[in-house]
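Numbering (the working numbering), first residue to last: -16 to 227. Right, one structure below, let's go through it.
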Amino acid sequence: LHLLDVDLGNSTSVEKCAETFNSLNLPLDCLICNAGINGVPSWGLYTPGVETQFAVNFLGHYRLATLLDGKLRSTANSRLVIVSSESHRRVVEDNFEIDRELPPHEENYNDLHAYAFSNLCRILWARALAKRVPYPVVSLHPGVCGGTGMLQHMGWRAILRQIWLVLQWERKSFFALQSIPQVAATQTWAAVEPVSSLAKMTGSYLNGNAGYTLGAPDTPSALAQNDELAEKVLAYAENYFATK
């Protein structure tokens, strides 16, 4: 068992983590990009120069997965599992312009929109990457539950706004809250499902909410199905780190 420290909001930390893992000469059967941060009260609070939820939820995971791509390619039956959120549906098509959203700007910062956009980027990244790599890539929403620490950065007003948004977008799931083991089921399934089966749904989005079939692809938002947007999101991440 090897425990490696990594701060996904810090590129140097991500690079050190990947370098350390690569030096262990171990296979990489599955990489689960599971970490997330939500409700950061101000733009770039923990990641100076870049919006924090975008930096941690998307860019940090992208960088780690890219640096470990060689390990995934050289390990038989490997896969990449990207945890996202149903909150991505709150980024709607009306008045949406990717060039205005990417990268997230400090002006008119909205913490809940920023979280939703970071999760949209994760799904789009999975969609585009799945076409480029030989191993399966899936994204997923784990489910709705309490006790995960995802609200730790929010004040009471923001928490109430979050509850209101969940009631608007995930009403059934809100009234069917699951336990932490239950909302770990979908990413666990994706991590152990035979690669021959998972490969058939590479690029897909899975939904771990109550009432959804384990391992059955769900239809994400229209924006999350847009291949042109997916390529732009992936290209942005590539260029972002190319200039670092």
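Quick reminder that beta carbons are idealized off the backbone N, C-alpha and C, glycines included. Remember, predicted model here, so these are calculated numbers, not experimental data.
Is residue i helix, strand or coil by DSSP?
| i | result |
| --- | --- |
| residue 128 | coil |
| residue 87 | coil |
| residue 82 | helix |
| residue 162 | coil |
| residue 217 | helix |
| residue -14 | coil |
| residue 116 | coil |
| residue 121 | strand |
| residue 77 | coil |
| residue 222 | helix |
| residue 98 | helix |
| residue 109 | helix |
| residue 176 | coil |
| residue 167 | coil |
Under 8 Å between the Cβ atoms of residue i and residue j?
| i | j | result |
| --- | --- | --- |
| residue 174 | residue 15 | yes |
| residue 65 | residue 116 | no |
| residue 178 | residue 126 | no |
| residue 124 | residue 191 | yes |
| residue 214 | residue 111 | yes |
| residue 198 | residue 212 | no |
| residue -9 | residue 43 | yes |
Alpha carbon to alpha carbon, how far is residue j from residue i? Give it in angstroms, no decimals.
| i | j | result |
| --- | --- | --- |
| residue 21 | residue 60 | 32 Å |
| residue 222 | residue 84 | 16 Å |
| residue 259 | residue 118 | Here the chain comprises residues numbered -16 to 227, so residue 259 is not present and cannot be evaluated. |
| residue 27 | residue 35 | 5 Å |
| residue 208 | residue 3 | 35 Å |
| residue 122 | residue 46 | 16 Å |
| residue 56 | residue 105 | 20 Å |
| residue 93 | residue 99 | 10 Å |
| residue 161 | residue 194 | 11 Å |
| residue -6 | residue 109 | 20 Å |
| residue 210 | residue 128 | 31 Å |
| residue 224 | residue 200 | 31 Å |
Taking contact to mean 3 or more Cβ pairs, one atom from each stretch, closer than 8 Å, check whether the region 61 to 75 and the region 200 to 216 are in contact.
yes
Could you pull out every unbroken alpha helix (DSSP H) segment of at least 4 residues lying fully inside the region -8 to 67, listed in chain order?
Fully enclosed alpha helix (DSSP H) runs of 4 or longer: -6 to 6, 44 to 50 and 52 to 57.
Let me know the alpha helix (DSSP H) ranges lying completely inside the region 182 to 211, each 4 residues or longer, listed in chain order.
none
Using 8 Å as the Cβ pair cut-off and three pairs as the minimum, do the region 43 to 51 and the region 181 to 191 touch?
no
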